[in-house]
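Visitor: Same order as they appear, the protein sequences are chains A and B. All letters in the first sequence, in the order written, are residues 325 to 801 by my numbering. All letters in the second sequence, in the order written, are residues 6 to 215 by my numbering.
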Amino acid sequence: MDLRAREDGRALSGARPILVIGLDGAEPSLVFDRWRADLPTLDRLIRSGAHARLESTIPAITVPAWASMMSGLDPGQLGFYGFRNRLDRSYDNLAIATAASVKHRRVWDHVSAAGGRVGLVSVPQTYPIRPIDGDVVSCFLTPGPQSEYAHPPSLKAEIEGWIEGEYLVDVPDFRSEDKARILRDIYRMAGQHYEICRRLLGRQRYDFFMTVDMGIDRIQHAFWKYMDPLHPKHEPGHPFANAIHDYYVHVDARIAELLELVPAETIVVVVSDHGAQAMQGGICINEWLVQEGYLAVDSYPETVSRLESVGVTWRDTRAWGEGGYHGRLSLNVAGREPAGVIRADRYEAELADIAARLEAIPDASGQAIGSTAFRPDVIYREVRNVAPDLIVYFGPLTWRSVGSLGLRTVWTFENDIGPDDANHGQHGIFIVHDPERPGGGRLHADQQIYDVAPTLLEWLGQPLPEGLRGRPMELRT
Amino acid sequence: MTLGFTVWLTGLSGSGKSTIAGHLAMSIRAAGLPVVILDGDEIRSGLSSDLGFSRPDRDTQVRRVGWICDLLTRNGVVAIAALVSPYEASRAEVRAAIGRCLMVFVEAPIATLKARDTKGLYREADAGRLTDLTGLGDPYEPPAEPDVHCVSDGRETAESCADRILERLRAVGYLADTSVDDERPSSGAGYSPDEEGEVRARLTELGYIE
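1. Confirm, please, whether the CB-CB distance from Tyr-511 of chain A to Leu-582 of chain A is below 9 Å.
2. Please confirm if Gly-333 of chain A has its CB atom under 9 Å from at least one CB of chain B.
3. Considering only the alpha carbon of each residue, which of A:Tyr-704, A:Pro-789, A:Leu-767, A:Gly-606 lies closest to Gly-403 of chain A?
4. Counting along the chain, where does the beta strand (DSSP E) carrying Ala-84 of chain B start and finish?
5. I'd like to know whether the C-beta of Thr-386 of chain A is nearer than 9 Å to at least one C-beta of chain B.
6. Does the beta carbon of Phe-754 of chain A come closer than 9 Å to any beta carbon on chain B?
7. Note down the Cα distance separating Leu-343 of chain A from Phe-10 of chain B, rounded to an integer number of angstroms.
8. Is it true that the CB of Met-393 of chain A sits closer than 9 Å to the CB of Tyr-717 of chain A?
9. On the three-state DSSP scale, how would you describe Ile-420 of chain A?
10. Going along the segment 134 to 160 of chain B in order, which residues come within less than 7 Å of chain A, judged by CB to CB distance?
11. Just the C-alpha distance for His-558 of chain A and Asn-566 of chain A, rounded to the nearest angstrom, thanks.
12. How many angstroms separate the CA atom of Ser-192 of chain B from the CA atom of Pro-151 of chain B?
13. Would Gly-396 of chain A count as contacting chain B if we go by Cβ distances under 9 Å?
14. Quick one: give me the first and last residue of the alpha helix (DSSP H) that Val-804 of chain A is part of.
15. Give me the Cβ distance between Met-538 of chain A and Ala-746 of chain A, rounded to the nearest whole Å; I'm assuming they're in contact under 8 Å.
16. Please identify the residue among B:Val-111, B:Gly-202, B:Pro-147 whose C-alpha is closest to the C-alpha of Ala-94 of chain B.
17. Strictly under 9 Å for the Cβ-Cβ distance: is Leu-465 of chain A near chain B by that measure?
18. Closer than 9 Å between beta carbons: that is the criterion. Which residues of the segment 640 to 671 of chain A meet it against chain B?
19. Just to confirm the assignment: which complete alpha helix (DSSP H) runs, minimum length 4, are found wholly within the segment 442 to 510 of chain A?
20. Could you tell me if the beta carbon of Trp-612 of chain A falls within a distance shorter than 8 Å of some heavy atom in the ligand ADP?
21. Given Tyr-618 of chain A, which residues of its chain have a CB within under 6 Å of its CB, disregarding the five upstream and five downstream residues?
22. Classify Ile-25 of chain B as buried or exposed, calling it buried when 16 or more other Cβ atoms lie within 10 Å of its own Cβ.
23. What do you get for Val-702 of chain A, buried or exposed, if any count of 16 or more other CB atoms within 10 angstroms of its CB means buried?
24. Using only the alpha-carbon positions, how far apart do Ala-419 of chain A and Arg-410 of chain A sit?
25. Quick one: what does DSSP say Leu-767 of chain A is sitting in, helix, strand or coil?
26. Spell out whether any CB of chain B is found under 9 Å from the CB atom of Ala-688 of chain A.
27. List the endpoints of the continuous alpha helix (DSSP H) containing Gly-346 of chain A.
28. Only counting runs of 3 or more residues, tell me where the beta strand (DSSP E) segments fall wholly within the segment 685 to 750 of chain A, in order along the chain.
29. At which residues does the beta strand (DSSP E) containing Leu-378 of chain A begin and terminate?
30. If we count the other Cβ atoms within 10 Å of its Cβ and call it buried at 16 or more, is Asp-182 of chain B buried or exposed?
31. Can you give me the Cβ contacts of Met-325 of chain A inside the same chain, cut-off strictly under 6 Å, excluding the 5 residues immediately before and after it?
32. Arg-377 of chain A and Phe-754 of chain A: beta carbons closer than 9 Å?
33. Could you tell me which residues DSSP puts in a beta bridge with Gly-651 of chain A?
34. Run through DSSP, which three-state label would Thr-11 of chain B get?
35. Using a Cβ-Cβ cut-off of 9 Å, state whether Arg-441 of chain A counts as contacting chain C.
36. Please return the same chain residues whose Cβ sits closer than 7 Å to the Cβ of Asp-398 of chain A, not counting the five positions on each side in sequence.
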């Protein structure tokens with residue numbers, strides 16, 4: 325069906341078009357309060373619409389948060405719990421959760437199946453691209469500019485004519501101290517990204533168009549310490565003190581350009597998958613497990629090394645962890661893992677014990693940090709595929725989880741593990757502007773990320789699938 | 006556009022490559038994907054009828070079939086090549102060119118092949134009338150790192166070998182990303198090993214994983 329040939333381009337009966345602008349990691353305290361006066365476009369949408377903090381998934385991380393937001397399902401229902409997931413109960417068979425891992429329909433799949441026209445630019449977990457009725461430019465999980473990052477395939481050649489230089493799937497060489505170069509690349513990536521959106525929206529009417537700006541997340545991870553006096557590594561008066569602020573202002577202006585291009589009756593949603601906050605440091609989860617006798621290695625490494633390269637003595641190991649913005653802990657259970665040691669009848673007791681002990685890890689000075697160890701079977705409706713036994717927030721996500729061994733300490737403040745300026749916050753933003761139903765600028769109570777998809781589907785006049793974790797929001801009353 | 010992929014079956018004549026290819030093709034077609042089998046014997050009777058069995062001719066045969074597999078893969082078709090393809094270098098060359106390619110080694114002991122001998126080639130070789138049969142007169146270099154290794158000695162059936170190949174195709178994501186309504190457990194990511202390494206390194210740099 326060639327919807328371009330339709331006279332009015334409206335394919336979904338009675339539904340008005342929706343534009344979703346995702347800002348990965350946009351922090352509510354910055355958008356709603358601190359910098360709101362400097363963000364005229366977002367301020368206008370807020371004043372004429374409705375807004376709320378949006379509570380993210382646990383874990384509050386790009387994968388699985390965007391997929392949960394756009395499917396209405398929790399990570400357990402989706403069957404992935406972070407960027408890399410165990411495929412089975414062996415110790416070393418992990419895979420990255422791409423679009424291939426998403427086995428449920430997201431909003432655009434419903435729209436496309438109903439005959440509507442879809443546009444997607446840089447929406448997480450859209451690589452590898454699934455054919456839909458519309459235009460797709462895949463996300464930062466695309467291997468590189470040589471990959472098939474556009475649908476239809478002819479779009480790739482068009483994009484190469486629209487942008488300057490090679491297409492950037494993400495900011496290259498992110499773990500660099502050359503912050504000026506990182507800043508340039510963030511703007512270069514945003515420039516390409518918004519140019520593609522402008523070109524597509526300028527020539528085509530979409531029933532559902534969604535784009536996600538990854539620059540906000542990237543700039544927060546790389547530049548937070550220059551802005552935040554409470555960051556442990558804050559440098560007062562640094563030339564990059566306004567880098568994040570200026571990028572938010574830049575994005576606000578780019579959003580204004582996109583709003584010029586969509587039909588006047590379009591419902592506009594601006595949303596983030598999580599927020600951001602200063603990172604205090606890293607808790608070395610596997611160092612702690614070694615020190616506490618849960619994890620045995622063949623030979624303790626002389627240099628900082630990934631666990632997988634150290635050699636775990638599985639017959640003497642009860643638990644191991646993984647690093648990232650949050651911690652993941654797996655127990656080595658007899659009859660479940662290949663060399664499991666925890667008897668099945670001891671599983672519950674062991675899990676409760678280690679959860680309590682993880683939550684009690686203090687900071688380096690012995691002060692409590694308020695960590696939480698979540699059980700997937702408690703926080704999710706169901707647990708598909710292989711979940712960690714515990715998902716751990718060190719502090720309220722104020723500390724990252726470090727999986728490497730060789731540091732000889734439980735606490736690290738060095739940034740050789742990865743960018744450490746910011747960690748994620750549990751709440752993102754949700755702003756809706758419906759020109760036909762003004763919201764009066766009301767700040768609503770916190771909304772749930774799972775409620776976004778059912779809300780959008782309701783506005784699109786689509787039936788809600790059964791079994792969703794979320795339900796339509798009540799925002800415009 | 007959904008990309009295709011190639012399954013390349015290599016092994017001695019009579020080892021069961023074509024039989025496995027047939028089972029595999031049926032399952033992949035049932036999943037709704039277009040499949041083409043490129044069988045060595047058929048190719049030699051047509052497209053490659055000008056080629057003999059010298060090493061340069063055998064390499065040319067592999068490159069021709071590899072070129073077709075690449076073309077099909079890039080255009081959304083699943084190609085299954087069932088080819089003796091005895092030399093590691095030319096197999097590695099086409100595998101790299103195709104990218105989305107699974108290398109399957111179908112191994113069979115010579116004694117089994119001689120007992121089976123459906124084409125009568127081993128009798129001819131033993132009688133001295135066929136001097137360049139791979140595995141006897143001509144060399145066969147087993148793949149150093151096949152993605153799937155089937156042993157065709159009577160203990161594993163062609164169906165179960167095909168099942169293991171299907172499992173591997175799902176694990177690397179070539180077969181899992183075909184339908185949004187496919188609710189089988191998540192498996193691979195849809196990357197080649199090099200691509201997976203590239204994306205993993207990027208995610209590590211970004212701090213998402215370690």
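Idealized CB from N, CA, C, for every residue including glycine.
Guide: Once the coordinates are examined:
1. Residue 582 of chain A sits at position 258 when you count from the first residue of the first sequence. Residue 511 of chain A sits at position 187 when you count from the first residue of the first sequence. Cβ atoms of Leu-582 of chain A and Tyr-511 of chain A: not closer than 9 Å.
2. Position 9 of the first sequence holds residue 333 of chain A. Confidence in Gly-333 of chain A is poor, its pLDDT being 42 and thus under 50, which makes the residue's placement too unreliable to answer from.
3. Counted from its first residue, the first sequence places residue 403 of chain A at position 79. Closest by C-alpha distance to Gly-403 of chain A, out of A:Tyr-704, A:Pro-789, A:Leu-767, A:Gly-606, is A:Tyr-704.
4. Position 79 of the second sequence holds residue 84 of chain B. It spans 83 to 87 - the beta strand (DSSP E) in which Ala-84 of chain B sits, taken as one unbroken run.
5. Residue 386 of chain A sits at position 62 when you count from the first residue of the first sequence. Closer than 9 Å: yes.
6. Numbered from its first residue, the first sequence carries residue 754 of chain A at position 430. At least 9 Å separates the CB of Phe-754 of chain A from every CB of chain B.
7. Along the first sequence, read from residue 1 onward, the residue named residue 343 of chain A stands at position 19. Along the second sequence, read from residue 1 onward, the residue named residue 10 of chain B stands at position 5. Straight-line Cα distance between these residues: approximately 35 Å.
8. Position 393 of the first sequence, counting from 1, holds the residue named residue 717 of chain A. Position 69 of the first sequence, counting from 1, holds the residue named residue 393 of chain A. Contact: no.
9. For this step, residue 420 of chain A is matched to residue 96 along the first sequence. Strand.
10. Cβ contacts with chain A: none found.
11. As a first step, residue 558 of chain A is located in the first sequence; it is residue number 234 there, counting from the start. As a first step, residue 566 of chain A is located in the first sequence; it is residue number 242 there, counting from the start. If I take the Cα positions, the gap works out to 13 Å.
12. Start at 1 with the first residue of the second sequence, and residue 192 of chain B comes out as number 187. Start at 1 with the first residue of the second sequence, and residue 151 of chain B comes out as number 146. The predicted model places Ser-192 of chain B with a pLDDT of 46, which falls under 50 and marks its position as unreliable, so this point remains unresolved.
13. Here the question's residue 396 of chain A lines up with position 72 in the first sequence. Answer no: the Cβ-Cβ gap between Gly-396 of chain A and chain B never drops below 9 Å.
14. Summary: the structure shown does not reach residue 804 of chain A, with chain A confined to residues 325 through 801, and so no result is reported for it.
15. Counted from its first residue, the first sequence places residue 538 of chain A at position 214. Counted from its first residue, the first sequence places residue 746 of chain A at position 422. Not really, about 14 Å apart at Cβ, beyond 8 Å.
16. Looking up residue 94 of chain B in the second sequence gives position 89. It is B:Pro-147 whose Cα lies nearest to the Cα of Ala-94 of chain B.
17. Within the first sequence, numbered from 1, the residue matching residue 465 of chain A stands at position 141. Cβ-Cβ to chain B under 9 Å: yes for Leu-465 of chain A.
18. Here the close residues are Glu-646, Gly-647, Gly-648, Tyr-649.
19. Counting only runs of 4 or more, we get 478 to 486.
20. Within the structure as shown, the ligand ADP is missing, as the structure has no ligands at all.
21. As a working note, residue 618 of chain A is residue 294 in the first sequence. Only Arg-642, Ala-643 meet the Cβ criterion.
22. What you label residue 25 of chain B is simply residue 20 of the second sequence in a count that begins at 1. Ile-25 of chain B should be labelled buried.
23. The sequence position of residue 702 of chain A within the first sequence is 378, counting from 1. Exposed is the call here.
24. Taking the first residue of the first sequence as 1, we reach residue 419 of chain A at position 95. Taking the first residue of the first sequence as 1, we reach residue 410 of chain A at position 86. Those two C-alpha atoms are separated by around 7 Å.
25. The residue labelled residue 767 of chain A in the question sits at position 443 within the first sequence. Residue state, collapsed to three classes: strand.
26. Locating residue 688 of chain A in the first sequence gives position 364, counting from the first residue. So, not an interface residue.
27. Your numbering for residue 346 of chain A matches position 22 in the first sequence. Careful: Gly-346 of chain A lies outside any alpha helix (DSSP H), inside the beta strand (DSSP E) at 342 to 347.
28. As for any beta strand (DSSP E) of minimum length 3 sitting wholly inside the segment 685 to 750 of chain A, the runs are 696 to 698, 714 to 717, 723 to 726, 746 to 749, ordered along the chain.
29. Numbered from its first residue, the first sequence carries residue 378 of chain A at position 54. It spans 374 to 379 - the beta strand (DSSP E) in which Leu-378 of chain A sits, taken as one unbroken run.
30. Looking up residue 182 of chain B in the second sequence gives position 177. With a pLDDT of 45 at Asp-182 of chain B, under the threshold of 50, the modelled position of this residue cannot be trusted; read the value that follows with caution. Per the 10 Å Cβ criterion, buried.
31. Position 1 of the first sequence, counted from the first residue, corresponds to residue 325 of chain A. Residue placement at Met-325 of chain A is poorly supported in this model, since its pLDDT is 29, which falls under 50; the coordinates still yield a value, given next. Cβ within range, chain order: n/a, list empty.
32. The sequence position of residue 377 of chain A within the first sequence is 53, counting from 1. The sequence position of residue 754 of chain A within the first sequence is 430, counting from 1. Cβ distance < 9 Å, so Arg-377 of chain A and Phe-754 of chain A count as in contact.
33. By 1-based counting over the first sequence, the position of residue 651 of chain A is 327. For Gly-651 of chain A, the pairing in a beta bridge is given by DSSP as A:Val-716.
34. For the purposes of this step, residue 11 of chain B is taken as the residue at position 6 of the second sequence. If DSSP states are grouped into helix, strand and coil, Thr-11 of chain B belongs with the strands.
35. Of the chains in the structure shown, none is chain C; the protein chains are A and B.
36. As a first step, residue 398 of chain A must be located in the first sequence, where it is residue number 74. Once the five neighbours on either side are set aside, the close Cβ partners of Asp-398 of chain A are Thr-381, Ser-392, Tyr-704, Arg-705, Tyr-774, Arg-793.
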